[in-house]
Amino acid sequence: MHLVNLTTAGLKRIVGISFALFIYSISSAQDNSPYSRYGLGDVVPNQNIISRGMGGIAAGYSNFLNINFKNPASLGSISTSKNVSNTIFDVGGEIDVRTLKSTGIASKYTSTNTIISYLQVAFPISTAKMEKKGTTWGLSFGLRPITRIGYKVEKNERLPGIDSLSTLYDGTGGINQVNVSTGFKITTSRRIPENPGSLSIGFSSGYTFGSREYSTQKVFINDTVTYYKSNTQTQSNFGGIFLNTGIQYLFPINKTAYVKIGGYANLRQNLKARQDNVNETFVFDGNGGIVAIDTVNATKEIAGTVKLPASYGVGLTYQDNNNHWLLGADFEFSNWSKYRYYGERDVVRDNWTLRVGAEYYPAKNNTTAKKYWSFVKYRAGFYYGPDYVKLDKTRSNYAATLGASLPLTTANLLRYGDFVMLNTAIEVGSRGNKQSAAFRENNFRLSIGISMNARWFQKRSYQ
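Under my numbering, read the sequence shown as residues 3 to 465, first letter to last.
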C-alpha cells in the first residue's frame with residue numbers, strides 16, 4: 003500500500019503544477035499566425051495526444067486507461083472492477099512550430115509556441131452492484147484551450163501622391179473551456195459471452211470564456227513632416243455555457259474482435275460579450291509602448307453576442323481483444339457559415355475533415371514484461387480537409403501524424419494496478435497551397451503528455 007500512497011501524493015502535486023502551468027501558458031502564449039485573425043482564432047487540436055498520433059480519430063475510440071474528452075460517451079469505459087487504478091489523470095502539452103511563407107515574394111517567417119493542451123481528471127462513479135449488471139459510469143472534469151489568437155503583421159506601402167504608410171496589425175486572445183463530462187455504458191448483448199455488445203451515452207457541459215483584442219496602428223513616414231500616429235483598437239470579453247453529447251456502440255464480430263461505432267455533437271453556442279472600442283492618436287514611449295495624445299472616439303461596455311458554430315462527427319474503430327491492432331476513421335463537419343460576431347459575418351465557411359489512423363501493440367494483454375519495446379504502443383495516421391478560412395479558392399488543411407505511448411511504470415507499481423504512460427505525437431502538415439493568395443503556413447507540432455492511474459479514493463488497509 004505504501005507505493006500506492008506515494009503515487010497518489012505525487013499525482014496530487016502534478017495536478018497542482020499542471021494547473022499553474024496551464025494558467026501561465028494561456029496568459030503568456032505568443033504565436034504569429036495571420037489566419038488567427040479570422041473567426042475567433044486558430045482552432046487548437048481538440049483530441050488527446052493518443053488520438054493525435056492516429057490522425058485525430060476519436061468518435062469511436064475509448065480506453066479505460068485514458069480520457070477521450072472529444073466524445074463523452076467514452077467515459078462509460080471507466081470501471082472500478084478492472085484490475086487497474088480507479089482515477090485517471092491526463093495532461094498534455096505541445097510545441098507548435100509554424101513557418102509562414104508569402105506566395106508573392108521569396109520570404110518566410112518561423113514562430114515557435116508552447117502551451118498546455120489540456121488538463122483532465124476522470125474516475126468511475128458506478129457501484130459494484132451496477133457493474134455486476136453490466137453498467138459502468140464515469141465522470142471527468144478539466145480545462146483546455148479551444149482557440150488561440152496571435153498575430154503581428156506589418157504592411158509597408160507607398161500611397162499615390164502621399165507619403166509612405168506603415169500599418170501594423172496586431173491581435174491577441176483566444177477561447178478556453180472548463181468542462182464537466184459524464185458517460186455510462188450498458189451491456190446490450192451477450193450473444194458472444196467473451197465479447198459482449200454495449201451502448202454508451204455521454205454528455206459534457208461547462209463554461210466557455212475568452213477574449214479578443216485587435217489593433218491597427220498607422221504611421222506615415224516623412225523625413226521633414228511629422229504626422230500623428232493613429233491607433234484603432236477593439237477589445238472584447240465573452241463567455242457562456244456549452245453542451246456536447248456523444249454516443250458509442252460496441253458491436254462484437256466474433257470472440258476475438260469487435261467494431262465500435264461512435265458519434266458526437268458540439269451544439270451551437272451563444273456567448274454573451276462586452277466590447278470596448280477606441281480610436282486615438284499616439285506616440286511611442288521609450289519602451290515602445292503607446293502614449294495616447296488625443297482620443298477621437300471611445301465606447302465602453304457594448305453588449306453583444308458571439309455565436310460559435312455547431313460541429314458534428316461520426317466514426318468507427320476495429321480492434322482485436324488482445325489490443326494488437328486498432329484501425330479507425332472519422333468524418334467531421336463544422337458549420338462555420340453560422341458564425342457571427344456582434345451580428346457580423348466573417349470570411350469563414352463550412353468545412354469538413356477526414357481522419358484515418360491506426361495503433362499497433364506488439365505485446366499481449368496480461369503478460370509479464372520481457373522486452374520493453376514490446377509494451378510500447380505505436381500509432382500513425384493522417385487528416386485532410388478544406389480550411390474554414392475563406393480567403394480565395396478552397397484552401398486545403400492536411401497533415402501526417404505519428405505517435406507512441408511509452409510505459410514509465412515500474413514492475414512493483416504494476417502489481418498495484420498503477421499505470422504511468424508517456425504519450426507522444428508528431429504532426430507535420432500544411433495550410434494552403436502554392437496557388438493560395440497571401441500566405442502558406444507549414445506546421446510542425448510535437449505533443450507530449452502523461453496519463454496516470456492511481457487509487458486516490460481507495461481506503462487504507464494494513465496487514
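Quick reminder that beta carbons are idealized off the backbone N, C-alpha and C, glycines included.
Can you name the start and end residues of the alpha helix (DSSP H) that residue i belongs to?
| i | result |
| --- | --- |
| F51 | The question names Phe, but residue 51 is Ile in the sequence shown. Taken as a continuous stretch (DSSP letters only), the alpha helix (DSSP H) holding I51 covers I51 to R54. |
| E133 | A130 to K134 |
With a CB to CB cut of under 8 Å and the five nearest residues on each side skipped, what residues in its chain are close to residue i?
| i | result |
| --- | --- |
| L245 | F205, S206, S207 and L269 |
| N178 | I28, L145, R146, P147, I148, T210, F211 and G212 |
| F253 | G199, Y260, V261, K262 and I263 |
| W338 | G41, P311, V350, R351, D352, N353 and Y390 |
| I164 | F222 |
Just confirm the distance between the C-beta atoms of residue i and residue j, as a whole number of angstroms; I'd bet it's less than 8 Å.
| i | j | result |
| --- | --- | --- |
| G185 | I450 | Not quite, the Cβ-Cβ distance comes to about 26 Å (not below 8 Å), so this is no contact. |
| N324 | K262 | The pair is not a contact, with the Cβ atoms about 16 Å apart (cut-off 8 Å). |
| A360 | L329 | 5 Å |
| A406 | Y380 | 5 Å |
| T250 | S64 | Per the sequence shown, residue 250 should be read as Gln rather than Thr. Yes, Q250 and S64 are in contact; Cβ-Cβ is about 6 Å, under 8 Å. |
| G157 | T169 | The residue you asked about is not Gly; residue 157 is Lys in the sequence shown. Right, the Cβ-Cβ distance comes to about 5 Å (below 8 Å), so this counts as a contact. |
| N68 | D92 | 6 Å |
| T403 | F384 | 6 Å |
| S183 | L77 | 6 Å |
Looking at the unbroken beta strand (DSSP E) that takes in residue i, where does it start and where does it end?
| i | result |
| --- | --- |
| K395 | Note, K395: premise wrong, no beta strand (DSSP E); not H, not E. |
| N181 | S166 to S191 |
| G204 | G199 to I223 |
| P126 | K110 to P126 |
| F278 | Note that residue 278 corresponds to Asp in the displayed sequence, not to Phe. Counting along the chain, the beta strand (DSSP E) containing D278 begins and ends at Q271 to F286. |
| F377 | Unbroken run through F377: none, as it is neither H nor E. |
| D389 | Note, D389: premise wrong, no beta strand (DSSP E); not H, not E. |
| S336 | W327 to S336 |
| P147 | T137 to R160 |
| R357 | N353 to Y362 |
| F421 | F421 to R433 |
| T101 | T89 to S104 |
| G317 | S313 to D322 |
| I295 | I292 to L310 |
Leaving out the 5 sequence neighbours to the left and right, which residues in its chain are closer than 6 Å to residue i when beta-carbon positions are compared?
| i | result |
| --- | --- |
| Y120 | G94 and R146 |
| Y230 | T283 |
| E334 | G315 and T355 |
| A267 | T247 and Y314 |
| S30 | Caution applies to S30, whose pLDDT of 49 falls short of 50 and renders its modelled position unreliable; the value that the coordinates give is listed next. Excluding positions up to five away in sequence, the list is empty. |
| N7 | Only weak support is given to the placement of N7: the predicted model assigns it a pLDDT of 42, under 50, and the question is left unresolved by the model. |
| S2 | Within the shown structure, residues of the chain are numbered from 3 to 465, placing residue 2 beyond reach of any answer. |
| S238 | R214, A275 and Q277 |
| Y344 | G306 |
| D172 | K154 and S217 |
| Y111 | L102 |
| E196 | K257 |
| R160 | S166 |
Have a look at the options and flag the residue whose alpha-carbon is nearest the alpha-carbon of residue i.
| i | options | result |
| --- | --- | --- |
| Y341 | P36, S232, Y37 and G41 | G41 |
| I194 | I255, Q235, G78 and Q179 | I255 |
| L448 | K72, I117, W375 and D44 | I117 |
| N88 | A60, G140 and N70 | G140 |
| T236 | E215, I243, Y251 and N224 | E215 |
| F71 | N233, G265 and S168 | G265 |
| S104 | E443, M454 and N455 | E443 |
| G62 | L318, Q122 and G242 | L318 |
| Y320 | V358, I304, V293 and G291 | V358 |
| V293 | A402, N233, V99 and T101 | N233 |
| T218 | R39, I428 and K187 | R39 |
| T114 | K154, S53 and V99 | V99 |
| I90 | G57, I127 and G288 | I127 |
| F143 | K135, G176 and N181 | N181 |
| A382 | L393, I203, Y362 and N425 | Y362 |
| I51 | I243, F441 and L424 | L424 |
| D394 | F441, A331 and G152 | F441 |
| L408 | Y374, Y400, S432 and A401 | Y374 |
| E303 | F240, F286 and P364 | F240 |
| T228 | G176, V285 and A60 | V285 |
| S336 | G431, Q271 and K220 | Q271 |
Under 7 Å Cβ to Cβ from residue i, same chain only, skipping five residues before and after it: list those, please.
| i | result |
| --- | --- |
| D322 | T258 and A259 |
| T297 | V280 and E282 |
| S191 | P198 and G199 |
| D348 | Y40, G41 and Y341 |
| R54 | P47, T403, G405, A427, E429 and S449 |
| Q465 | With a pLDDT of only 44 at Q465, under 50, the local geometry of the prediction cannot be trusted, and no value is derived from it. |
| G57 | R357, V358, G359, G383, F384, Y385 and T403 |
| I188 | G136, T137, S200 and L201 |
| I243 | S207 and Y209 |
| K392 | V349, V350 and R351 |
Is residue i a contact residue of the ligand GTP, with contact defined as CB to any heavy atom under 7 Å?
| i | result |
| --- | --- |
| I450 | As for the ligand GTP, it is missing from this structure, which has no ligand bound. |
Please go through the segment 232 to 269 and give each complete beta strand (DSSP E) segment of 3 or more residues, from N-terminal end onward. 259 to 268
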